[in-house]
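Under our numbering, the sequence shown has 242 at position 101, and the numbering climbs by one with no breaks. Accompanying notes for the structure given below.
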Amino acid sequence: MIQHAASIIVKREELTLLPEKAIYWNRKKTLLLSDLHLAKSGHFRKAGIPIPSSIHENDLERLSLLIEKLKPESLCILGDLFHSRQNSEWKSFEQWRKKHGSVSITLVRGNHDVHEDSVMKDHGLDQVCDSLTDAPFFFSHESSEIAAGNLYNMAGHLHPAVVMSGKGRQSGVFPCFWFTKKFLLLPAFGNFTGKAIIQPAQTDRVFIIFGNTVNEIVPSPEK
């Protein structure tokens, strides 16, 4: 197993949960992630809020290191690759894409991916779709148990996280992978994103990302 990662079997498929906030689907040699929200800093700067573009460059560098380490054949992004309409930061993605031309990239469109498919493909994406079926999984941006049918749904959108408390009334909020009986929600890959605190059932499985490790926790009983 990859160091500091966690492994889980879903529908007889081995998935490796990575501390970089992504999943590696071993059999298909596919890297799965969600919610990069590239170009969000430029969107904020237009509004007069000084957010440096380097925050997205760091995300792309982290993704490059993952690709170099795992050597996936394909990359599947479960929505919100870009946060806003085109700005100068899109060029950073174009340059990044040229470095990884051997990796096929599919974007499952998210609510922030507002451009036409042709525009997305001009920026290096091989496939753009609203949802994707690759049995035994159904990929979407928002969780959709009805659309998934008997398939297991993988999605993003929510940016799931949990609150962990320690001694001395200390607490922290940690991104997580959230597995229910019907769906999995991935944490946001991008660092310039918010987090949504989840309330998992005791039958769910939750893996938190703490530093550079992935660890399973036991959901607390509902209050």
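Glycine residues also receive a C-beta, built at the ideal position from the N, C-alpha and C atoms. The model shown is predicted, which means the values in this text are computed figures rather than measured ones.
Pick from the options that is closest to residue i, judged by C-alpha positions
i    : options                   : result
G242 : H256, L266 and E257       : L266
R148 : L207, P213, L179 and R346 : Residue 148 is actually Ser in this sequence, not Arg. That would be R346, whose Cα lies nearest to the Cα of S148.
T321 : G352, V304, S284 and T354 : S284
F234 : E154, E357 and L222       : L222
K336 : I218, L177 and W237       : L177
Enclosing beta strand (DSSP E) for residue i [first to last residue]
i    : result
Q268 : Q268 to C270
A163 : A163 to W166
R346 : R346 to F351
F280 : F278 to F280
I258 : With the sequence shown as reference, residue 258 is identified as Asp, and Ile is not the correct amino acid for it. No beta strand (DSSP E) contains D258, which is instead part of the alpha helix (DSSP H) from D258 to D263.
V303 : P301 to S306
Sequence-distant residues of its chain with Cβ nearer than 6 Å to residue i (five each side left out)
i    : result
Q268 : T247
D271 : R250
V255 : none
E161 : R203 and L207
A188 : Here A188 scores only 48 on pLDDT, less than 50, and its place in the model should not be relied on; the value that follows carries that caveat. Around A188: no qualifying Cβ.
T157 : I143, A146, S148 and Y165
A289 : F279
Nonlocal neighbours in the same chain, by C-beta distance under 7 Å from residue i, ignoring five residues either side
i    : result
P360 : P341, A342, Q343, D345 and V347
Separation of residue j from residue i, as counted between CA atoms
i    : j    : result
N294 : A163 : 16 Å
L371 : P301 : With the chain covering only 142 through 364, there is no way to say anything about residue 371.
K262 : Q311 : 46 Å
N291 : H298 : 21 Å
H253 : L219 : 12 Å
W237 : V151 : 32 Å
C217 : P316 : 20 Å
Residue span of the alpha helix (DSSP H) that contains residue i, given as start and end
i    : result
A288 : E286 to A289
Own chain partners of residue i with C-beta closer than 8 Å, once the 5 adjacent residues on each side are dropped
i    : result
H145 : P160, N353, T354 and V355
K239 : G265
Helix, strand or coil at residue i according to DSSP, with G and I counted as helix
i    : result
N294 : strand
F330 : coil
S233 : helix
D176 : coil
L201 : helix
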